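If you read the protein sequences in the order shown, they are chains G and F. In this text, residue positions in the first sequence follow this note's numbering: the first is 1160, and each later residue adds one. In this text, residue positions in the second sequence follow this note's numbering: the first is 1160, and each later residue adds one. Input: a single structure, listed below in structure tokens.
Protein chains: 2
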Amino acid sequence: MVEIKPPITFEIEATSGKARAGLLKTRRGVIETPVFMPVGTAGTVKGIRFEELESKDLDARIILGNTYHLWLRPGVETIKLSGGLHRFIGWDRALLTDSGGFQVWSLGALRKISEEGTAFRSHVDGSLQFLSPEISMEVQAALGSEIVMIFDECAPGDASAADARRSMELTARWANRSRAKFADLQLQGADSGRKENQADLNGGQALFGIVQGAAYRDLRRESLERMVEIGFDGYAIGGLSVGEEKSVMWEVIDEVAPLMPTRQPRYLMGVGTPEDLVESVARGIDMFDCVLPTRNGRNGQAFTARGRVNVKNAQWAHDMRPLDESCECSVCRRHSRAFLRHLHQTGEMLAGILLTHHNLAFFLDTMRRVRHSIWSGDFPKFRREFIERMRASGE
Amino acid sequence: MVEIKPPITFEIEATSGKARAGLLKTRRGVIETPVFMPVGTAGTVKGIRFEELESKDLDARIILGNTYHLWLRPGVETIKLSGGLHRFIGWDRALLTDSGGFQVWSLGALRKISEEGTAFRSHVDGSLQFLSPEISMEVQAALGSEIVMIFDECAPGDASAADARRSMELTARWANRSRAKFADLQLQGADSGRKENQADLNGGQALFGIVQGAAYRDLRRESLERMVEIGFDGYAIGGLSVGEEKSVMWEVIDEVAPLMPTRQPRYLMGVGTPEDLVESVARGIDMFDCVLPTRNGRNGQAFTARGRVNVKNAQWAHDMRPLDESCECSVCRRHSRAFLRHLHQTGEMLAGILLTHHNLAFFLDTMRRVRHSIWSGDFPKFRREFIERMRASGE
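This is how it looks when you write it as structure tokens:
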């Protein structure tokens, strides 16, 4: 009898209401959930070294890579010749790769969607390119990420019911094609990140489905049903934080999350603020990614336990306090608001480097606190106090 | 009887021909010489965190700050309120501050020199500003650096003999004024970096004189004599690497270095390539600073033991070797030329961050090797082999 091992395992270790604390085991390490995944679009989490991501301050167990960006530059051949994305970038922990669906969607007028896939013009050189479920799966196999996302189509936040249905149904058909091509590629050994001799894992990649359907709860339910019918190693909610009202996001999550399979990880794509993360955990979400800590950091905005701090503000010119007095990251241990403001005002790279570090430390530490509070049964209290403190202006 | 302690001590531990290996003791740590000082113009060595400067890879014992830049931004008041430059930037090792003379000189047409000092327009906001020996000493006392430089005037590399003499004589008079004002400020307790209870040091700042005189050997000799007559804690050669032929630089160093006091540190300002450093050590120089490793790193150029490597080049697209196979820095241990090229081509901040780290590691490691070779008596062999290897193209 042949034992069938999965590519990942997921165990819930504790719950508090709908909130779950779990262990997601991948071929490249165990990830405690709920987890925040820093975004490494083009093979680098912008402005931070991998050593820092691995450091005690951050200890990021999984980061994102983007199929769209890496496919255009450096291209699949370079990644293949390097032996996969992990080896190309020098990161041996887990990777999740987005399918390119969202990036191509966000090109707006530059793209054209057909049943077969999406034609679009490259943002790099304007050349005509084409992505499909099959191509996305091929690229993600070459990248060798631990978690592959299906190639989906995202409807805008204000899509009509008819447009949203068309888009959701296309995503469902693309999910089937993604599933089939993914299975072929795994059998063919196309996965460049494959790890043999894993005790209870098969050493291959995992594939996650994505729930679409814009703001329509019935479409969201149907999308989830179709994804579960196909069967994936995890399920994501896509197409949120794309211009809809925040209340719509909560409605969709409140509708979908309770219906999602309990024994697989639930991933809310592209969300969000620290408050969004905590509120989503309360609704049963396990995984997150967002560019806010890195992008806002480069723009001079810090997230702190008492709200956001804009380092540009003149009021910090002589302020020798750290960004966040309750933060123990290396930036807060060493540098003052006055110095960070000076760096930002003089256009020094170090401003972005330090704010990126602090912001990622804050997001990852917040998730650490979330997990501890679920383990100890104090999540409701943590949630209440966290949201209250965040509302206090840092400025 | 009152024991008179100096602000710094300098001991030669070994020599090899004219090359010297010494120990420069400051109130903020002991510096092994010959030493390379990374340039931290505006209170940050561009693109690198202080933790990395302190790490084993680099272990920079002293960095530079620039009076001109810090005086304009964030301004003396902010630095004073922070308790000095060390506390403002979060660096507890030694600092050397340039006087502003060279920066003001490099503004070219924007400046006007008089006996009193230099009027110029700020590069930040175009406002009219004025620097003099007295003001420079006041700013450097507020910065609280371990080593203060006199306010000098720098003649261009192609200055006429008459212009070069005028400039050299002005620098000599300004050296006198710098000395007098510096002594006043030390007595007044204006030094924000003062450290009491130093075993064999007085806890105050050291002041270095600067030899000028353009390409004229007689003027250089006279300038040195006048500096030694005034008496400083160390002596610098300024006004080189400002557009003159390389052969002129060696002529000046060959003329001046043998005449410089043997028991004080000798500092060659703003020089140079790794080859220049090794060749200057061979002529008796102890201290260096240069923006090459940081500036060129940001522009995609790496210094390696086999010459320079431009990461932009297409030939590295699939090259999985490190920048420098003989380098043990964290960048070379982890990342390939292919990845560094990709980062540079996609305009990622990490390109500059990693190349800056490697280049500084290479410069500092080169100086470490220089010191070891002087200690062991192998400096001539090291020098010959180093120069030969550097001539081998890295590309």
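Where a beta carbon is used, it is the ideal one built from N, C-alpha and C, also for glycine. All of these numbers come straight from a predicted model, not from anything done at the bench.
Mind checking which residues open and close the beta strand (DSSP E) that includes residue i?
{"i": "Ala1180 (chain G)", "result": "Ala1178 to Thr1185"}
{"i": "Arg1208 (chain G)", "result": "Careful: Arg1208 (chain G) lies outside any beta strand (DSSP E) and carries neither H nor E."}
{"i": "Tyr1394 (chain F)", "result": "Gly1393 to Ile1396"}
{"i": "Ser1382 (chain F)", "result": "Careful: Ser1382 (chain F) lies outside any beta strand (DSSP E), inside the alpha helix (DSSP H) at Arg1376 to Ile1389."}
{"i": "Met1196 (chain G)", "result": "Val1194 to Met1196"}
{"i": "Ile1221 (chain G)", "result": "Ile1221 to Asn1225"}
{"i": "Gly1368 (chain G)", "result": "Ala1365 to Val1370"}
{"i": "Ser1175 (chain F)", "result": "Thr1168 to Ser1175"}
{"i": "Asp1257 (chain G)", "result": "Ala1253 to Asp1257"}
{"i": "Lys1271 (chain G)", "result": "Arg1270 to Ile1272"}
{"i": "Leu1280 (chain F)", "result": "The residue you asked about is not Leu; residue 1280 (chain F) is Arg in the sequence shown. Segment Thr1277 to Arg1280, the beta strand (DSSP E) holding Arg1280 (chain F)."}
Thinking C-beta only, is residue j closer than 8 Å to residue i?
{"i": "Ile1190 (chain F)", "j": "Ile1221 (chain F)", "result": "yes"}
{"i": "Glu1414 (chain G)", "j": "Arg1379 (chain G)", "result": "yes"}
{"i": "Leu1418 (chain G)", "j": "Leu1383 (chain G)", "result": "yes"}
{"i": "Arg1270 (chain G)", "j": "Phe1279 (chain G)", "result": "yes"}
{"i": "Met1549 (chain F)", "j": "Gly1466 (chain F)", "result": "yes"}
{"i": "Ile1248 (chain F)", "j": "Ala1334 (chain F)", "result": "no"}
{"i": "Ala1201 (chain F)", "j": "Glu1507 (chain G)", "result": "yes"}
{"i": "Val1470 (chain F)", "j": "Arg1492 (chain F)", "result": "no"}
{"i": "Arg1425 (chain F)", "j": "Ala1416 (chain F)", "result": "yes"}
{"i": "Ala1178 (chain G)", "j": "Phe1538 (chain G)", "result": "yes"}
{"i": "Asp1392 (chain G)", "j": "Pro1193 (chain G)", "result": "no"}
{"i": "Leu1344 (chain F)", "j": "Glu1297 (chain F)", "result": "yes"}
First and last residue of the alpha helix (DSSP H) that includes residue i?
{"i": "Arg1457 (chain F)", "result": "Leu1451 to Arg1457"}
{"i": "Gln1460 (chain F)", "result": "Premise fails: Gln1460 (chain F) lies in the beta strand (DSSP E), Gln1460 to Thr1463, not in any alpha helix (DSSP H)."}
{"i": "Phe1310 (chain F)", "result": "Segment: none, Phe1310 (chain F) is in no alpha helix (DSSP H) and carries neither H nor E."}
{"i": "Gly1466 (chain G)", "result": "Here Gly1466 (chain G) belongs to no alpha helix (DSSP H); instead the beta strand (DSSP E) covers Gly1466 to Asn1469."}
{"i": "Ser1326 (chain F)", "result": "Ala1320 to Gln1347"}
{"i": "Ala1520 (chain F)", "result": "Met1508 to Trp1534"}
{"i": "Met1408 (chain F)", "result": "Lys1405 to Val1415"}
{"i": "Glu1236 (chain G)", "result": "Val1235 to Ser1241"}
{"i": "Arg1480 (chain G)", "result": "Careful: Arg1480 (chain G) lies outside any alpha helix (DSSP H) and carries neither H nor E."}
What residues from chain F crowd round residue i, counting only those whose CB sits closer than 9 Å?
{"i": "Phe1247 (chain G)", "result": "Met1479, Ser1495, Ala1497, Phe1498 and His1501"}
{"i": "Lys1205 (chain G)", "result": "Glu1507, Met1508 and Leu1509"}
{"i": "Thr1256 (chain G)", "result": "Within chain F, no residue comes near Thr1256 (chain G); the closest Cβ sits about 16 Å away, beyond 9 Å."}
{"i": "Thr1590 (chain G)", "result": "Here chain G comprises residues numbered 1160 to 1554, so residue 1590 (chain G) is not present and cannot be evaluated."}
Taking the beta carbon of residue i as the centre, do at least 16 other beta carbons fall within 10 Å, making it buried, or is it exposed?
{"i": "Gly1397 (chain G)", "result": "buried"}
{"i": "Leu1502 (chain G)", "result": "buried"}
{"i": "Ile1533 (chain G)", "result": "buried"}
{"i": "Ala1497 (chain F)", "result": "buried"}
{"i": "Asp1251 (chain F)", "result": "exposed"}
{"i": "Thr1185 (chain F)", "result": "buried"}
{"i": "Thr1463 (chain G)", "result": "buried"}
{"i": "Arg1480 (chain G)", "result": "exposed"}
{"i": "Ala1342 (chain F)", "result": "exposed"}
{"i": "Gly1206 (chain F)", "result": "buried"}
{"i": "Leu1346 (chain G)", "result": "exposed"}
{"i": "Thr1330 (chain G)", "result": "buried"}
{"i": "Asp1377 (chain G)", "result": "exposed"}
{"i": "Ile1512 (chain G)", "result": "buried"}
Counting only Cβ pairs nearer than 8 Å, list the residues of chain G close to residue i.
{"i": "Phe1209 (chain F)", "result": "Arg1493"}
Cβ closer than 7 Å: which chain G residues qualify as neighbours of residue i?
{"i": "Leu1240 (chain F)", "result": "His1477"}
So with CB distances below 8 Å, who are the chain F contacts of residue i?
{"i": "Pro1452 (chain G)", "result": "Here the premise fails: no neighbours, minimum Cβ distance about 15 Å."}
{"i": "Ile1167 (chain G)", "result": "What Ile1167 (chain G) touches in chain F: nothing, since even the nearest Cβ is about 26 Å away."}
{"i": "Arg1232 (chain G)", "result": "His1501, Gln1504 and Thr1505"}
Residues of chain F with CB under 7 Å from residue i, in chain order?
{"i": "Ala1201 (chain G)", "result": "Thr1505 and Glu1507"}
{"i": "Ser1489 (chain G)", "result": "Glu1210"}
{"i": "Arg1237 (chain G)", "result": "Here residue 1237 (chain G) is Thr; the residue named in the question, Arg, does not match the sequence. Under the 7 Å cutoff, chain F gives Ala1476, His1477 and Ala1497."}
List the residues of chain G that residue i touches, going by C-beta distances under 9 Å, in chain order.
{"i": "Ile1512 (chain F)", "result": "Gly1206, Ile1207, Arg1208, Met1508 and Ile1512"}
With a threshold of 8 Å, are at least 3 pairs of Cβ atoms found where one atom belongs to the segment 1220 to 1227 of chain F and the other to the segment 1474 to 1491 of chain G? With a cut-off of 8 Å, the segment 1474 to 1491 of chain G and the segment 1220 to 1227 of chain F do not count as touching, because too few Cβ pairs lie within range.
If contact is defined by three or more beta carbon pairs under 8 Å, each pair taking one atom from either stretch, is the segment 1452 to 1461 of chain F in contact with the segment 1511 to 1521 of chain F? Short answer: they touch.
Three-pair Cβ contact test at 8 Å for the segment 1299 to 1310 of chain F versus the segment 1237 to 1256 of chain F: Contact check between the segment 1299 to 1310 of chain F and the segment 1237 to 1256 of chain F: three or more CB pairs, one atom from each, fall below 8 Å, which counts as touching.
Between the segment 1398 to 1416 of chain G and the segment 1358 to 1378 of chain G, do at least 3 Cβ pairs fall closer than 8 Å? Judged by Cβ distances under 8 Å, the segment 1398 to 1416 of chain G makes contact with the segment 1358 to 1378 of chain G, as three or more pairs qualify.
Are the segment 1345 to 1358 of chain G and the segment 1316 to 1332 of chain G touching by the rule of at least three beta carbon pairs closer than 8 Å? No, the segment 1345 to 1358 of chain G is not in contact with the segment 1316 to 1332 of chain G.
Between the segment 1360 to 1370 of chain G and the segment 1283 to 1293 of chain G, can you find at least three pairs of beta-carbon atoms closer than 8 Å? With the cut-off at 8 Å, the segment 1283 to 1293 of chain G and the segment 1360 to 1370 of chain G do not touch.
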